[in-house]
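Colleague:
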Ligand SMILES: [Cu+2]
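Residue numbers (this note's numbering): 13 to 147.
1) What did DSSP end up calling residue 123 once you bin it into helix, strand or coil?
2) Can you name, in chain order, every residue of its own chain whose Cβ lies under 8 Å from the Cβ of residue 49, other than the five neighbours on each side?
3) Per DSSP, what kind of secondary structure is residue 91 in: helix, strand or coil?
4) Is residue 53 near ligand 1, in the sense that its beta carbon is under 7 Å from a heavy atom of that ligand?
5) May I ask you to report which of helix, strand or coil DSSP gives residue 100?
6) So, do the stretch 88 to 104 and the stretch 126 to 137 have three or more beta carbon pairs nearer to each other than 8 Å?
7) Out of curiosity, what's the CA-to-CA distance linking residue 81 and residue 90?
8) Compute the minimum distance between the beta carbon of residue 78 and the heavy atoms of ligand 1, and state whether it is under 7 Å.
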């Protein structure tokens, strides 16, 4: 009798484990789950650059621009060269971010696949520019 109880207990544990594994797949497998990516403004080494300066995302994802080093920075999307002008216009944040740690989020919900080039106004001449590619 005791052996049967122990076996049953072991079996129910196994069943529970399998259920957990299956349910975690159900939670995480949808490929359409939107992601949030971070682009640092000003590299960790203090260069006037976006890091990364090139990023591939999916429509529906969000890109968080984080003020990192050597501020002030801002983000301006080049509407004329962007795959979707509305997204580019909404994504542009001309207001300068003065202190490290500040951030703005840009949604690519409903974004047309293609390129979205952007730059930092104060440091455009120094080459502080980047590109987001919606796949
Ligand atoms: Cu800048």
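Using N, Cα and C, we set each Cβ at its ideal position, and we do this for glycine too.
Modeller: The answer reads as follows:
1) Here residue 123 refers to the residue found at position 111 of the chain shown. Look at residue 123 here: in three-state DSSP terms it is coil, with no helix or strand label.
2) By 1-based counting over the chain shown, the position of residue 49 is 37. Excluding residues up to 5 positions away in sequence, 67, 69, 73, 74, 75 and 76 lie with their Cβ nearer than 8 Å to the Cβ of residue 49 in the same chain.
3) Within the chain shown, the letter at position 79 stands for residue 91. Helix.
4) Counted from its first residue, the chain shown places residue 53 at position 41. Proximity of the beta carbon of residue 53 to ligand 1 is indicated: a heavy atom of the ligand is located closer than 7 Å.
5) Start at 1 with the first residue of the chain shown, and residue 100 comes out as number 88. Note: residue 100 maps to helix in three-state DSSP.
6) Yes: the two stretches touch, three or more of their Cβ pairs being nearer than 8 Å.
7) If you number the chain shown from 1, residue 81 lands on position 69. If you number the chain shown from 1, residue 90 lands on position 78. One alpha carbon belongs to residue 81, the other to residue 90, and they sit about 23 Å apart.
8) Your numbering for residue 78 matches position 66 in the chain shown. Flag unset: Cβ of residue 78 not near ligand 1.
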